[in-house]
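Undergrad: Residue numbers 35 to 322, in the numbering used here, belong to the letters of the first sequence in order. Where is the CB? At the ideal position from N, CA and C, for every residue including glycine. Because the structure is a prediction, the values reported are computed rather than measured.
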Amino acid sequence: VVTGNSMLTGFVYTGHLEEAEEFFRTMPERTAVSYNILFQGYVQFGHVEQARAMFSSMPQPSIVSWTGMILIYSKTGELDRAGELFARMPQHDLYSCTTMIAANALKGHVAESKRLFDGMPQHNLASWTTLIGSYAQNGQLEEARDMFELMPERDNVSWNAMITAHANKGCMDGVRRIYETMPLHNAASFGAMISAYAQNGYLHQAKEMFEKNVEQGTVSWNTLMVSFARNGHASEAIEMFHRMKLDGHQPNQDTFMAVLTAYSHIGDLEKACLELGSMAVDYGLNPV
RNA sequence: AACCGAGCUCAUGG
């Protein structure tokens, strides 16, 4: 059963929900964990109906399942339903409370987030960081800072959250200070830095960060190209696009948009069509 | 003893 569950996890993890379902159906034996694995797949990919159906079909949803259900309502923005479930579930733990904190913050109810946080018997890195993120999202930089000071230990995720907290307030000194102080940088750190600079109009610095980032995912390329295009640097955007291809990166649908934006800025629609047409052919993308 | 859940980053046609 355990190895079956691991395989099931594999299907879900790679996004093959159909296969997961099939596999699940044909499993000789299923445990509550098996249900949860498939269920989490629905949650993760936003299949609300299926998640709901599965949840109600569980005889005794575990705390994991309850939390999953809260998470999906948080994603769909149905905070009241999330809250209802949270109130109804038999127990709470770090995970469920943290999920609920985040759900409230997404809707701008930071005070409620804080109240939940204060009511928790214990905290860990995730719950602290969620609270910081809650303040950050809602523009409360001071509070985010205070919490960051108070938390007993910090990891990369919490440091990254602080980058964003400052960036959202346009506090670039803070952003730089955090970046320099933090012990290590990962892909998310660079992503945060790139968008921090880009959103505040520091295209040059954004690009510098981009160069420092070893794992330049397609998203980073797109982010930067869009920023260039929006700020009237169409040619730089287009140049990046070509470099991206040279470097062997896969353009995706969003790259389309970035390129289109760039060309529309210089009013060269013909070229845009040509470029998009060839992208469609080269990469099998649909310029919907 | 072993399998599942929460927090940071990311683009999108305003």
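Among N194, Y107, S99, which one has its Cα closest to the Cα of E118?
TA: For the purposes of this step, residue 118 is taken as residue 84 along the first sequence, with counting starting at 1. Closest in alpha carbon position to E118, among N194, Y107, S99, is Y107.
Undergrad: CB-CB under 8 Å to N234, same chain, minus the five flanking residues each way: which ones, in chain order?
TA: For this step, residue 234 is matched to residue 200 along the first sequence. If we look at N234 and ignore the five residues flanking it on each side, its Cβ neighbours are A201, G204, M206.
Undergrad: I'd like the list of long-range same chain contacts for T37, defined as Cβ closer than 7 Å, with 5 residues on each side in sequence excluded.
TA: Reading the first sequence from its first residue, position 3 is the one you call residue 37. So the list is empty, once near-sequence residues are dropped.
Undergrad: Between R59 and E53, what straight-line distance do the alpha-carbon atoms span, to the nearest angstrom?
TA: Residue 59 sits at position 25 when you count from the first residue of the first sequence. Residue 53 sits at position 19 when you count from the first residue of the first sequence. Those two C-alpha atoms are separated by around 10 Å.
Undergrad: Measure from the alpha carbon of M88 to the alpha carbon of each residue in P285, S192, Y76, F120, then state which is nearest.
TA: Against the first sequence, residue 88 aligns to sequence position 54. Of P285, S192, Y76, F120, the residue nearest in Cα terms is Y76.
Undergrad: Out of Q250, L113, S269, which one is the CA nearest neighbour of Q284?
TA: Here residue 284 refers to the residue found at position 250 of the first sequence. Residue Q250 is the option with its Cα nearest to Q284.
Undergrad: How big is the Cα-Cα spacing for E135 and L184?
TA: Here residue 135 corresponds to residue number 101 of the first sequence, with the count starting at 1. Here residue 184 corresponds to residue number 150 of the first sequence, with the count starting at 1. Contrary to the premise, residue 135 reads as Ile rather than Glu in this sequence. If you take the alpha carbons of I135 and L184, they lie about 18 Å apart.
Undergrad: Measuring straight from C-alpha to C-alpha, what distance separates Y317 and P155?
TA: Sequence index remark: in the first sequence, residue 317 carries index 283 (1-based). Sequence index remark: in the first sequence, residue 155 carries index 121 (1-based). So the alpha carbons of these two residues sit roughly 52 Å apart.
Undergrad: What's the C-alpha gap between A199 and A139?
TA: On the first sequence, residue 199 is found 165 positions in, with the first residue counted as 1. On the first sequence, residue 139 is found 105 positions in, with the first residue counted as 1. Their Cα atoms are separated by approximately 14 Å.
Undergrad: According to DSSP, simplified to helix, strand and coil, what is L294?
TA: Your numbering for residue 294 matches position 260 in the first sequence. Helix, per DSSP.
Undergrad: Assign R188 to one of three DSSP states: helix, strand, or coil.
TA: Position 154 of the first sequence, counted from the first residue, corresponds to residue 188. If DSSP states are grouped into helix, strand and coil, R188 belongs with coil.
Undergrad: Along the alpha helix (DSSP H) that carries K203, what are the first and last residues, could you check?
TA: By one-based count along the first sequence, residue 203 stands at place 169. No alpha helix (DSSP H) contains K203, which DSSP labels as neither H nor E.
Undergrad: Is the CB-CB distance between V35 and T65 below 7 Å?
TA: Taking the first sequence and counting its residues from 1, the one referred to as residue 35 is at position 1. Taking the first sequence and counting its residues from 1, the one referred to as residue 65 is at position 31. In this structure, T65 lies closer than 7 Å to V35 by Cβ.
Undergrad: Looking at the unbroken alpha helix (DSSP H) that takes in K305, where does it start and where does it end?
TA: In the first sequence, the residue the question calls residue 305 occupies position 271. If you look at K305, you'll find it in the alpha helix (DSSP H) that goes 303-317.
Undergrad: What distance in whole Å lies between the Cβ atoms of L310 and V293, which are believed to be in contact at a cut-off of 8 Å?
TA: Along the first sequence, read from residue 1 onward, the residue named residue 293 stands at position 259. Along the first sequence, read from residue 1 onward, the residue named residue 310 stands at position 276. V293 to L310, Cβ: 7 Å. Contact.
Undergrad: Count the other CB atoms within 10 Å of the CB of Q14; is the residue buried (16 or more) or exposed (fewer)?
TA: Only positions 35 to 322 of the chain appear in this structure, which leaves residue 14 out of reach.
Undergrad: Quick one: is Q171 buried, meaning 16 or more other Cβ sit within 10 Å of its Cβ, or exposed?
TA: Within the first sequence, the letter at position 137 stands for residue 171. Counting Cβ neighbours within 10 Å, Q171 comes out buried, since at least 16 surround it.
Undergrad: How far does the alpha helix (DSSP H) with T60 in it reach, from first residue to last?
TA: To locate residue 60, count along the first sequence from 1; it is residue 26. T60 -> alpha helix (DSSP H) spans 51-60.
Undergrad: Can you list, in chain order, the residues of its chain with a C-beta nearer than 7 Å to that of S222? Leave out the 5 residues immediately preceding and following it.
TA: As a position in the first sequence, residue 222 is number 188, starting the count at 1. A small fix is needed here, since residue 222 is Ala in this sequence, not Ser. Closer than 7 Å at Cβ, skipping near neighbours: N194.
Undergrad: Let me know the secondary structure DSSP gives L218 once reduced to three states.
TA: Taking the first residue of the first sequence as 1, we reach residue 218 at position 184. Coil.
Undergrad: For the alpha helix (DSSP H) holding R86, just list the boundary residues, first then last.
TA: Position 52 of the first sequence holds residue 86. Counting along the chain, the alpha helix (DSSP H) containing R86 begins and ends at 82-91.
Undergrad: I need the straight-line Cα distance from M123 to M313, nearest angstrom please.
TA: Translated into positions along the first sequence, residue 123 becomes position 89. Translated into positions along the first sequence, residue 313 becomes position 279. One Cα belongs to M123, the other to M313, and the distance between them is close to 50 Å.
Undergrad: For A268 versus H299, is the C-beta distance shorter than 7 Å?
TA: Taking the first sequence and counting its residues from 1, one reaches residue 268 at position 234. Taking the first sequence and counting its residues from 1, one reaches residue 299 at position 265. Cβ atoms of A268 and H299: closer than 7 Å.
Undergrad: Per DSSP, what kind of secondary structure is Q174 in: helix, strand or coil?
TA: Counting from 1 along the first sequence, the entry for residue 174 is found at position 140. Correct three-state label for Q174: coil.
Undergrad: Thinking S130 and T163 are a contact (beta carbons under 8 Å), I'd like their distance in whole angstroms, please.
TA: Taking the first residue of the first sequence as position 1, residue 130 is located at position 96. Taking the first residue of the first sequence as position 1, residue 163 is located at position 129. Their Cβ separation, rounded to whole angstroms, is 16 Å, which puts S130 and T163 out of contact at 8 Å.
Undergrad: Quick check: T212 and I228, are their CB atoms within less than 7 Å of each other?
TA: What you label residue 212 is simply residue 178 of the first sequence in a count that begins at 1. What you label residue 228 is simply residue 194 of the first sequence in a count that begins at 1. This sequence places Ile at residue 212; Thr is not what is there. Contact: no.
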